[in-house]
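S.K.: Here you go, one structure.
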Amino acid sequence: MVRLFVSDIDGCLSEPFVPFNLEHLGALRQLVEAGSASGVPKIPPAFTICTGRPLGYAEAMAQALGVTQPFLFEAGAGMFHPQTGVRAWHPDFTEAAARAVEDIQRWLESLVRGTSMAVDRGKHTQAGVIGADQGEIREAMVRTASFVEANHPEFVVAFTPISVDVMMGNLTKAQGLEWLAKETGIPLSEMAFIGDTNGDLGALRNVGTAFAPANGTEAVRHAAGTVTQGEVSAGVLEALHLCIERNRTPAG
């Protein structure tokens, strides 16, 4: 049985720089509310979010969908409890790591100078840049990976079509989901996760049920147990309905 369905945001619930599909989000909210209702058995699983986005963006999406479960932001390094308003940082994020993030951010300031990119200052546990020019993002990814390898090898570099993110190697979405499992009491084997980029690979490999939307990268589509026919939020809806059907079977 899938007891908790976890979704990435960018490339899954929404597309960067594109208006939300309100019809899909409305349908998802209905399923989220059904999964949050009291009583058993839980045919629609509970729903939450695991995203690389900062808290403010993740909280807005969680509120729009009616999420009541703890959700993860900054790629699993931060957790927020919607019902209590409590924010927590992963215990493995140390003061030394915070100083390293500051050093990487200073270097990124020089990287983005003269480009259309900007340093992402909205995060506490990560450094990164954002931008709409995918060519600049690809070049930034290569240069950032080289800098990090030479100066902060305990960090790793992930990227999406609109961002380059630098995070601790032991604080990725995979570790975030392990933290979430301890917090909720729901084992990874009873979680489903849907993600679309290479930063989601560890999480996809750790859960019992792994999905990729049709727009996922090749590596993600190979890692997922199921690739949906739909893209982005249509794919999330499709995956969630597949979990509901699975939960209805006697074996669960």
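For the sequence shown, the tail end lands on 254 under my numbering, and the numbers increase by one without skipping.
Ideal placement from N, C-alpha and C gives every residue a C-beta, glycine not left out.
(1) Identify every residue that forms a DSSP beta bridge with CYS52.
(2) Beta strand (DSSP E) containing ILE106: first to last residue?
(3) SER148: buried (16+ other C-beta within 10 angstroms of its C-beta) or exposed?
(4) Within 10 angstroms of the Cβ of GLY28, are there 16 or more other Cβ atoms? Answer buried if so, exposed if not.
(5) For HIS224, is the classification buried or exposed, using 16 other Cβ atoms within 10 angstroms of its Cβ as the cut-off for buried?
(6) If you reduce the DSSP assignment to three classes, tell me which class HIS83 lands in.
(7) Leaving out the 5 sequence neighbours to the left and right, which residues in its chain are closer than 8 Å to VAL150 when beta-carbon positions are compared?
(8) Would VAL209 be called buried (16 or more neighbouring beta carbons within 10 Å of its own) or exposed?
(9) I'd like to know whether the C-beta atoms of GLN136 and GLU76 end up nearer to each other than 8 Å.
(10) Which residue marks the beginning of the beta strand (DSSP E) containing ARG89, and which one marks its end?
(11) Report the rounded CA-to-CA distance for ARG31 versus PRO163, giving the unit in angstroms.
(12) So which of TRP91, ILE246, ALA102, ILE139 has the shortest CA-CA distance to VAL114?
(13) Report the rounded CA-to-CA distance for ALA98 versus ALA36, giving the unit in angstroms.
(14) Given a threshold of 16 other Cβ atoms within 10 Å of its Cβ, counted over all protein chains shown, does ASN153 qualify as buried or as exposed?
(15) For THR186, does the three-state DSSP call read helix, strand or coil?
(16) Helix, strand or coil for ILE132, going by three-state DSSP, please let me know.
(17) May I have the straight-line CA-CA distance separating SER9 from VAL69, to the nearest angstrom?
(18) Along the chain, where does the alpha helix (DSSP H) that runs through MET63 open and close?
(19) Is GLN177 buried or exposed, if buried means 16 or more other CB atoms sit within 10 Å of its CB?
(20) Beta-carbon separation of LYS175 and GLY204 under 8 Å?
M.R.: In this structure, then:
(1) As a first step, residue 52 must be located in the sequence shown, where it is residue number 50. Paired residues: LEU74.
(2) By one-based count along the sequence shown, residue 106 stands at place 104. ILE106 -> not in any beta strand (DSSP E); alpha helix (DSSP H) instead, spanning 97-114.
(3) What you label residue 148 is simply residue 146 of the sequence shown in a count that begins at 1. It is exposed - the Cβ of SER148 has fewer than 16 other Cβ atoms within 10 Å.
(4) For the purposes of this step, residue 28 is identified with residue 26 of the sequence shown, where counting begins at 1. By the 10 Å Cβ count, GLY28 comes out exposed.
(5) Translated into positions along the sequence shown, residue 224 becomes position 222. It counts as exposed.
(6) Taking the sequence shown and counting its residues from 1, one reaches residue 83 at position 81. Of the three classes helix, strand and coil, the one that applies to HIS83 here is strand, per DSSP.
(7) For the purposes of this step, residue 150 is identified with residue 148 of the sequence shown, where counting begins at 1. Correct list, in chain order: ILE106, PHE157, VAL158, VAL159, VAL168.
(8) Translated into the one-based positions of the sequence shown, residue 209 becomes position 207. VAL209 comes out buried.
(9) As a position in the sequence shown, residue 136 is number 134, starting the count at 1. As a position in the sequence shown, residue 76 is number 74, starting the count at 1. Taking 8 Å as the Cβ cut-off, GLN136 and GLU76 do not qualify as a contacting pair.
(10) Stepping through the sequence shown from its first residue, residue 89 is reached at position 87. 88-91 is the span of the beta strand (DSSP E), which, as asked, contains ARG89.
(11) Walking along the sequence shown from the start, residue 31 turns up at place 29. Walking along the sequence shown from the start, residue 163 turns up at place 161. Distance between the alpha carbons of ARG31 and PRO163 is about 27 Å.
(12) Within the sequence shown, the letter at position 112 stands for residue 114. Looking at the Cα atoms, ILE139 is the closest of the given residues.
(13) What you label residue 98 is simply residue 96 of the sequence shown in a count that begins at 1. What you label residue 36 is simply residue 34 of the sequence shown in a count that begins at 1. C-alpha separation (whole angstroms): 43 Å.
(14) Numbered from its first residue, the sequence shown carries residue 153 at position 151. Result: exposed.
(15) In the sequence shown, counting from the first residue as 1, residue 186 sits at position 184. THR186 falls in the helix class under three-state DSSP.
(16) The residue labelled residue 132 in the question sits at position 130 within the sequence shown. It is a strand residue.
(17) Indexing the sequence shown from 1 puts residue 9 at position 7. Indexing the sequence shown from 1 puts residue 69 at position 67. So the alpha carbons of these two residues sit roughly 11 Å apart.
(18) As a working mapping, residue 63 is identified with position 61 in the sequence shown. It spans 57-67 - the alpha helix (DSSP H) in which MET63 sits, taken as one unbroken run.
(19) Within the sequence shown, residue 177 is the residue found at index 175, counting from 1. Buried.
(20) Residue 175 sits at position 173 when you count from the first residue of the sequence shown. Residue 204 sits at position 202 when you count from the first residue of the sequence shown. For LYS175 and GLY204, yes; Cβs fall inside 8 Å.
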